[in-house]
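Undergrad:
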Amino acid sequence: MQKVLGLFFILQFIFFQVFSQEKWMKKNGFEIPKHSIIVGYGHPKDTFNLPEGLYRPIFINFRTYYEYKSWKNVLPSNLKLYIFSEPQINPVMLYKEGKTKWDFEFGINNGIQSELVLTSKINFFMYVSSGPHFFSTQTKRQVRGFIFSNSLGSGLIFKLNEKLNLMTMFKIRHMSNANTMFPNHGINTWNYLLGLEF
Amino acid sequence: MVQNKCVMKFYRMPSILCSAFLFLFNFSGFSQSITPHKFYIGVNSKFYQTSDLDKNTNQITDNKLFASGFNIHFSTSLLASIARKSKKVKYGEYLACEMGLGYSKNVNTIVWTNYVYDFGFTALANINKNNDLKCNLVLFKFSLDQILYNGSGSSLDLEYRYKKIILSSSIESHDNRAVGWLQGLLGDPITRPANRLRIGIDFNLKSNSWLGFQYAQFPINNSLVYDDKTVYHQQSEFKLNLCKRF
Chain A
0 MQKVLGLFFI
10 LQFIFFQVFS
20 QEKWMKKNGF
30 EIPKHSIIVG
40 YGHPKDTFNL
50 PEGLYRPIFI
60 NFRTYYEYKS
70 WKNVLPSNLK
80 LYIFSEPQIN
90 PVMLYKEGKT
100 KWDFEFGINN
110 GIQSELVLTS
120 KINFFMYVSS
130 GPHFFSTQTK
140 RQVRGFIFSN
150 SLGSGLIFKL
160 NEKLNLMTMF
170 KIRHMSNANT
180 MFPNHGINTW
190 NYLLGLEF
Chain B
0 MVQNKCVMKF
10 YRMPSILCSA
20 FLFLFNFSGF
30 SQSITPHKFY
40 IGVNSKFYQT
50 SDLDKNTNQI
60 TDNKLFASGF
70 NIHFSTSLLA
80 SIARKSKKVK
90 YGEYLACEMG
100 LGYSKNVNTI
110 VWTNYVYDFG
120 FTALANINKN
130 NDLKCNLVLF
140 KFSLDQILYN
150 GSGSSLDLEY
160 RYKKIILSSS
170 IESHDNRAVG
180 WLQGLLGDPI
190 TRPANRLRIG
200 IDFNLKSNSW
210 LGFQYAQFPI
220 NNSLVYDDKT
230 VYHQQSEFKL
240 NLCKRF
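Taken in order, these protein sequences are the chains called A and B.
Be aware that the first sequence starts at 0, since it is given in numbering that gives the first Met the number 0, and climbs by one per residue.
Be aware that the second sequence starts at 0, since it is given in numbering that gives the first Met the number 0, and climbs by one per residue.
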């Protein structure tokens, strides 16, 4: 029951953050050209394995893009620039010796995305994002709780039709807490994601 | 009208080829100067060698590896782009990524992939019609290319254009973030083997299309120095790319 209530409050907090942010952005000259739902899988690099097991997040992200109206006038026609906000709740598989323990992480990433129009149906994009997160895994490598999640990613966007795009991306992610608590050796993963833009 | 349709059908090219031609030659109205945004598609080849020292017998075993593949690079700066066009010096943030996919072979065949993500600052001076200068100070450089240590590094990149030629150079370090490039310049390259030097030249083909050639060497010094290490890497890399600046 406590877990359900906890999850309810977390969801409420995230949705409150997203919608209040949307209102503020619209007031200050930003448009919302698109949203995306992104799912994916992360895998740790060998040298960054946790002693308690492989840290494998499963991403469930919702991304809202913002475009500043006057940017369109100064940027080349084949280049688009967005700011985005990406709340996420990610179940985490902690795998060791055939056993999987389930944990979770959640938080919000904010970032900048550059998108280049390659052809009428394919765009190439890259982004950088960062934001506060919470993670539940007990590990000797990283103190449990508050953490910053920093991502660099790139990928391709395929236009399916006028309203729907498919995105594929690869991102590297580093999580640590800026030495606010110790131990702080960080958690690093390579991540493969698929998304739908609408 | 009927004739036109027939001609279109007869000469119709595959869409990938069409896109490649459009990419190369169909953009117009852009200047030939160095700009805040760059995109290139390229081919590359790498030669690298790892040398293992057996400390008991003091014998060195060499493993040579050749790799080649394709890579895509995209770099951009929002702030430098929105600076007024009349301004001769533009500056802003710098974000770049490069993804590579290819094939390599030594004893075992392996798939070869790499990535480099850069984040830092850029300054661009459009001096006059014939001269431009650009400097990137990359504070965080995350890379994985099978050679350099994984993790962040830094670099200092310079580009200079004279008429239709761009010369570029870069000193890059994966030893230390944020100031690694400075240590690379000031320190002894023998004791700091993580430094990589890149040089390049780009020729203007048409409008904003460029043909580029790059050479990179890691480490800068060629001699093998082991100190307390038992494994040593050497790498040289060649890149040929078709570049758009916009």
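Positions of the beta carbon are idealized from the N, C-alpha and C atoms, including for glycine.
When you compare only the Cα positions, how much space is there between A:P75 and B:F245?
TA: Your numbering for residue 75 of chain A matches position 76 in the first sequence. Your numbering for residue 245 of chain B matches position 246 in the second sequence. So the alpha carbons of these two residues sit roughly 7 Å apart.
Undergrad: Going along chain A, which residues have a C-beta under 9 Å from B:L77?
TA: On the second sequence, position 78 is the one that residue 77 of chain B refers to. The answer, in chain order, is W70, L74, L80, I111 and S113.
Undergrad: Assuming A:I31 is part of the alpha helix (DSSP H), what are its boundary residues?
TA: Position 32 of the first sequence, counted from the first residue, corresponds to residue 31 of chain A. Under the DSSP assignment, A:I31 falls outside any alpha helix (DSSP H); it carries neither an H nor an E label.
Undergrad: Give a yes or no on whether the C-beta atoms belonging to A:R140 and A:H184 are separated by under 8 Å.
TA: Against the first sequence, residue 140 of chain A aligns to sequence position 141. Against the first sequence, residue 184 of chain A aligns to sequence position 185. Closer than 8 Å, so yes.
Undergrad: Can you list the alpha helix (DSSP H) stretches of 4 or more residues lying completely in the stretch 51–90 of chain A, in chain order?
TA: 70–73
Undergrad: Considering just the uninterrupted stretch of the alpha helix (DSSP H) at B:I33, what are its terminal residues?
TA: Residue numbering aside, residue 33 of chain B sits at position 34 when the second sequence is read from its first letter. That residue, B:I33, is in no alpha helix (DSSP H); it is neither H nor E in DSSP.
Undergrad: In whole angstroms, what is the alpha-carbon distance linking A:T56 and A:G154?
TA: Within the first sequence, the letter at position 57 stands for residue 56 of chain A. Within the first sequence, the letter at position 155 stands for residue 154 of chain A. It is Pro, not Thr, that sits at residue 56 of chain A in the sequence shown. Roughly 19 Å between the two C-alpha positions.
Undergrad: Going by DSSP, what residue range makes up the beta strand (DSSP E) through A:L115?
TA: Start at 1 with the first residue of the first sequence, and residue 115 of chain A comes out as number 116. Looking at the DSSP string, the run of the beta strand (DSSP E) that includes A:L115 is K98 to V116.
Undergrad: Within a Cβ cutoff of 6 Å, which residues of the same chain sit near B:S168, ignoring the five residues on either side of it in sequence?
TA: As a working note, residue 168 of chain B is residue 169 in the second sequence. Excluding sequence neighbours, B:S168 sits near L157 and I198.
Undergrad: Report the residues of the stretch 122–141 of chain A with a CB closer than 7 Å to any CB of chain B, ordered along the chain.
TA: The stretch 122–141 of chain A vs chain B, Cβ under 7 Å: F123, M125 and V127.
Undergrad: Leaving aside the five residues before and after A:V142 along the sequence, list all residues of the same chain whose C-beta is less than 8 Å from its C-beta, in chain order.
TA: Within the first sequence, numbered from 1, the residue matching residue 142 of chain A stands at position 143. The answer, listed in chain order, is N176, M180, F181, P182 and N183.
Undergrad: At a Cβ threshold of 8 Å, is B:L123 touching chain A?
TA: As a working mapping, residue 123 of chain B is identified with position 124 in the second sequence. It does not; no Cβ of chain A falls within 8 Å.
Undergrad: I need the straight-line Cα distance from B:N127 to B:Y159, nearest angstrom please.
TA: Counted from its first residue, the second sequence places residue 127 of chain B at position 128. Counted from its first residue, the second sequence places residue 159 of chain B at position 160. Spanning the two alpha carbons is a distance of roughly 12 Å.
Undergrad: Using Cβ-Cβ distances below 7 Å, what residues of the stretch 141–158 of chain A are close to chain B?
TA: L151 and S153
Undergrad: Can you tell me whether DSSP reads A:S119 as helix, strand or coil?
TA: Stepping through the first sequence from its first residue, residue 119 of chain A is reached at position 120. Under the three-state reduction of DSSP, A:S119 is assigned to coil, being neither helix nor strand.
Undergrad: Would the stretch 88–100 of chain B and the stretch 112–132 of chain B be scored as touching if the rule is three or more Cβ pairs under 8 Å?
TA: Two segments are said to touch when three or more pairs of C-beta atoms, one from each, lie closer than 8 Å; by this definition the stretch 88–100 of chain B touches the stretch 112–132 of chain B.
Undergrad: What does A:I59 touch in chain B if you count any residue whose Cβ is under 7 Å from its own?
TA: As a first step, residue 59 of chain A must be located in the first sequence, where it is residue number 60. Chain B residues near A:I59: none, gap ~24 Å exceeds 7 Å.
Undergrad: Considering only the beta carbon of each residue, do B:L123 and B:K89 sit closer than 8 Å?
TA: Within the second sequence, the letter at position 124 stands for residue 123 of chain B. Within the second sequence, the letter at position 90 stands for residue 89 of chain B. Yes.
Undergrad: Going by the DSSP bridge assignment, what does A:R172 pair with across the sheet?
TA: Taking the first residue of the first sequence as 1, we reach residue 172 of chain A at position 173. Its beta-bridge partners are A:S150 and A:T188.
Undergrad: Under 7 Å: does the beta carbon of B:N194 sit that close to some heavy atom of the ligand MN?
TA: Ligands are entirely absent from the displayed structure, and the ligand MN is therefore not among its contents.
Undergrad: Would B:L241 pass as an interface residue toward chain A - the criterion being a Cβ-Cβ separation below 8 Å?
TA: As a position in the second sequence, residue 241 of chain B is number 242, starting the count at 1. Judged by the 8 Å Cβ criterion, B:L241 is not in contact with chain A.
Undergrad: Cα separation between A:K79 and B:D53?
TA: Position 80 of the first sequence, counted from the start, is the residue given in the question as residue 79 of chain A. Position 54 of the second sequence, counted from the start, is the residue given in the question as residue 53 of chain B. Cα to Cα, the separation comes out at about 54 Å.
Undergrad: What's the C-alpha gap between B:M0 and A:N160?
TA: Sequence index remark: in the second sequence, residue 0 of chain B carries index 1 (1-based). Sequence index remark: in the first sequence, residue 160 of chain A carries index 161 (1-based). Bear in mind that a pLDDT of 40 at B:M0, under 50, signals an unreliable position, so the number given afterwards is only what the model happens to contain. Approximately 30 Å between the Cα atoms of the pair.
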